[in-house]
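One structure is given here, and the rest of the page talks about it.
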Amino acid sequence: MAGQQSDPSRRKIMRAAAGVATAALCFRIVRAAASDKMTRQQAEYQDMPNGIYSCGLCTLFEPPAGCKVVEGEVGKDGWCKAFALAD
Numbered sequence: 031m032a033g034q035q036s037d038p039s040r041r042k043i044m045r046a047a048a049g050v051a052t053a054a055l056c057f058r059i060v061r062a063a064a065s066d067k068m069t070r071q072q073a074e075y076q077d078m079p080n081g082i083y084s085c086g087l088c089t090l091f092e093p094p095a096g097c098k099v100v101e102g103e104v105g106k107d108g109w110c111k112a113f114a115l116a117d
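Note that the sequence shown covers residues 31 to 117 in this note's numbering.
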C-alpha cells in the first residue's frame, strides 16, 4: 500500500504541470496574436493603387494610415496581396 500513498502527490504534480503547460500555451497564443502582422515586404505592399485594389477600399484598412495585417503605416492609395474589398 505504500505505492498508493504517492499517487495523490503524483496526481497533484501532473495537474500542476498540465496547468503550467496550458498557461504557457495561452500566453504564447496571445503574444503571437499581438505581433501577427506582416511586414510591408511580406505583404508585397505597393504605394500606388492597382485598379480597384487600394487600401482605402480594403476592409483591413484602419484610417488614417493603418492596417490590421500589415505593420507600420500604409497609404489609402497603396495596396497589397492581403486586399479584401470592403462591403
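The beta-carbon is built from N, C-alpha and C at its ideal position, and this holds for glycine as well. Predicted model only: the values in this text are computed from it and were never measured.
Cβ pair residue i, residue j closer than 8 Å
i	j	result
Gly86	Lys106	yes
Ala116	Val99	no
Under the three-state DSSP convention, the category residue i falls into
i	result
Ser39	helix
Ala62	Since pLDDT at Ala62 reaches only 49, below the 50 mark, its modelled position is unreliable, and the value read off the structure follows with that caveat. If DSSP states are grouped into helix, strand and coil, Ala62 belongs with the helices.
Gly96	strand
Supposed close pair residue i, residue j - CB separation, criterion 8 Å
i	j	result
Thr69	Glu103	In fact, because the Cβ distance is near 12 Å, the residues do not count as touching under 8 Å.
Gln76	Gly108	6 Å
Cys89	Ala114	Note on residue identity: the sequence assigns Thr, not Cys, to residue 89. Indeed, because the Cβ distance is near 5 Å, the residues count as touching under 8 Å.
Beta-bridge pairing of residue i - partner residues as DSSP gives them
i	result
Gln76	Trp109
Leu90	In the DSSP output, where bridge partners are listed per residue, Leu90 has none listed.
Phe44	Reading the sequence as shown, one finds Met at residue 44 and not Phe. Looking at the DSSP assignment, Met44 forms no beta bridge with any residue, so it has no partner.
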